[in-house]
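Numbering (my numbering), first residue to last: 625 to 1153.
Encoded structure:
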């Protein structure tokens, strides 16, 4: 854990004050940032809703004008274009222009582009519109569907207008001319002025081919401008029905939140953009004021906390020194205990540790009516090994054997110890003779597989002999000494019968590939190699 019983109270108090100040600042920072994200999200929703509303308005505006053209198409198809019919159509056109504020005018041209009739009181016959884009379009296309044309400047008034036209045919089905509705630039301009998009915001109304119709705050300066290379149109509006994206405008370098929506019926789209700077202006001011307040509070808290830390520091200094001295004493005692209970060469528990552990396990198993097994291990012909290779190599050999014996333990309660000299022992609680024999077999094989060179040995490498004894179950009159004597007798028999052997008390000898039954010889004090 980060904190423990040794952690200084002064340190804890300091950390508490620091964390409290950081928490205060961090919480305010998180809330301030969250307010920023909420504000931007709200701006995105607002621009999206505004773009949707403007798209619906534009769609309805063009739809109303288109209905006039459809009716005009039907009248021409039914009544033709005689003098009487043209007079009636002219009166109807003036009425329609008066009723629909978006209409700049309605015009009827023959197949050569001459003016036949219009909503104006004076028919300007001196003009010919055969050069207009919409006239050429209908002359080349047989369909009777509406065509949304590029913005043009009116020849009659000089004003910018948006065009919506339909073709009509002669009785024989050939091209008869064009009916045209022109929509006022000022109508959209004035309508868009009613929407607040901020000082640096923008409203764009354009054709789906990238031609600008109107952009608020730019007026006629951008009407007719090509948007095909503008990122907003090129990467988004030309490919999607609607969306919201943050982009830097190439015209003025302003970062804006842009929402665009295509019209449902006609090939046009509307974009509403608000400056990110405008959206965050009030937030920045509020964030600045809140930050000053929070930093002031954090400073006051830090000052008070510093005084508190000083008081705690003066009170606990002597106690801390005493605790530190006691801990050093405890560490020294623990080191001494470790040295007293472990063998310095091999690192395994020593004979003292073995005696305590064996006695404790015997008492525990006697109480629980469990079993206790002991394996005594002796390195074969180790005295001869020392004579041949020297004591330094002998120590290395004992370390390697001890490491393998320690690794042979299968459970945490099993104890591997150095019994003395080249002898080792394994105490196995809750283990019967069969489990002990299995472990002994694996250990003998492991030592053999180490292939530690021993030119004086029969096999040419270091081997071990093992004596196994078990108390199953442990009885009240059993003792550690009796268990050691049994394992020691079994080990003696393993040495006497050729070494590199495993013998169990009272006499099952297990050697390489064979088993023999032998009665252990009487106990002895020590083994001779």
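Idealized CB from N, CA, C, for every residue including glycine.
Spatial distance of residue i from residue j (CA atoms)
i	j	result
residue 875	residue 833	19 angstroms
residue 964	residue 928	52 angstroms
residue 705	residue 686	25 angstroms
residue 766	residue 829	28 angstroms
residue 1005	residue 1048	15 angstroms
residue 989	residue 930	59 angstroms
residue 776	residue 702	31 angstroms
residue 665	residue 813	28 angstroms
residue 1096	residue 1105	16 angstroms
residue 847	residue 717	27 angstroms
residue 891	residue 795	30 angstroms
residue 947	residue 1084	58 angstroms
residue 745	residue 721	12 angstroms
residue 1132	residue 1003	With a pLDDT of only 41 at residue 1132, under 50, the local geometry of the prediction cannot be trusted, and the value read off the model is given with reservation. About 20 angstroms.
residue 933	residue 650	22 angstroms
Neighbour-count burial assignment, residue i, 16 or more Cβ in a 10 Å radius
i	result
residue 1119	buried
residue 1154	Examination of residue 1154 is not possible in this model, given that the chain is present from 625 through 1153 alone.
residue 884	buried
residue 640	exposed
residue 920	exposed
residue 1111	buried
residue 1123	buried
residue 821	buried
residue 912	exposed
residue 728	buried
Beta-carbon proximity of residue i to residue j, cut-off 8 angstroms
i	j	result
residue 790	residue 799	no
residue 972	residue 1042	yes
residue 1098	residue 1008	no
residue 893	residue 674	no
residue 1039	residue 981	yes
residue 975	residue 1044	yes
residue 1070	residue 1032	yes
residue 1012	residue 1065	no
residue 907	residue 659	yes
residue 1088	residue 1025	yes
residue 839	residue 652	no
residue 574	residue 881	A question about residue 574 goes unanswered here, because the residues of the chain that appear run from 625 up to 1153.
Any non-hydrogen atom of the ligand ATP closer than 7 angstroms to residue i Cβ
i	result
residue 647	The ligand ATP is not among the ligands present in this structure, which contains no ligands whatsoever.
Presumed contact (8 angstroms Cβ cut-off) between residue i and residue j, rounded CB distance
i	j	result
residue 683	residue 851	Actually they are not in contact, since the Cβ atoms of residue 683 and residue 851 sit about 20 angstroms apart, beyond 8 angstroms.
residue 826	residue 897	5 angstroms
residue 613	residue 868	The requested residue 613 does not occur in the structure, where the chain is confined to residues 625 to 1153.
residue 742	residue 731	5 angstroms
residue 757	residue 773	5 angstroms
residue 635	residue 925	At roughly 18 angstroms, the Cβ-Cβ gap does not stay under 8 angstroms, so residue 635 and residue 925 are not in contact.
residue 1121	residue 1092	Contact flag wrong, Cβ pair sits at about 14 angstroms.
residue 807	residue 726	5 angstroms
residue 710	residue 748	Actually they do not touch by this definition, with Cβ atoms about 15 angstroms apart.
Where residue i falls: helix, strand or coil (DSSP)
i	result
residue 819	coil
residue 775	coil
residue 864	coil
residue 1089	strand
residue 852	coil
residue 1030	helix
residue 780	coil
residue 753	coil
residue 1047	strand
residue 699	helix
residue 1131	Reliability of the predicted coordinates at residue 1131 is poor, the pLDDT of 49 falling under 50, and the value obtained from them is presented with this limitation in mind. Reduced to three states, the DSSP call for residue 1131 is coil.
residue 878	coil
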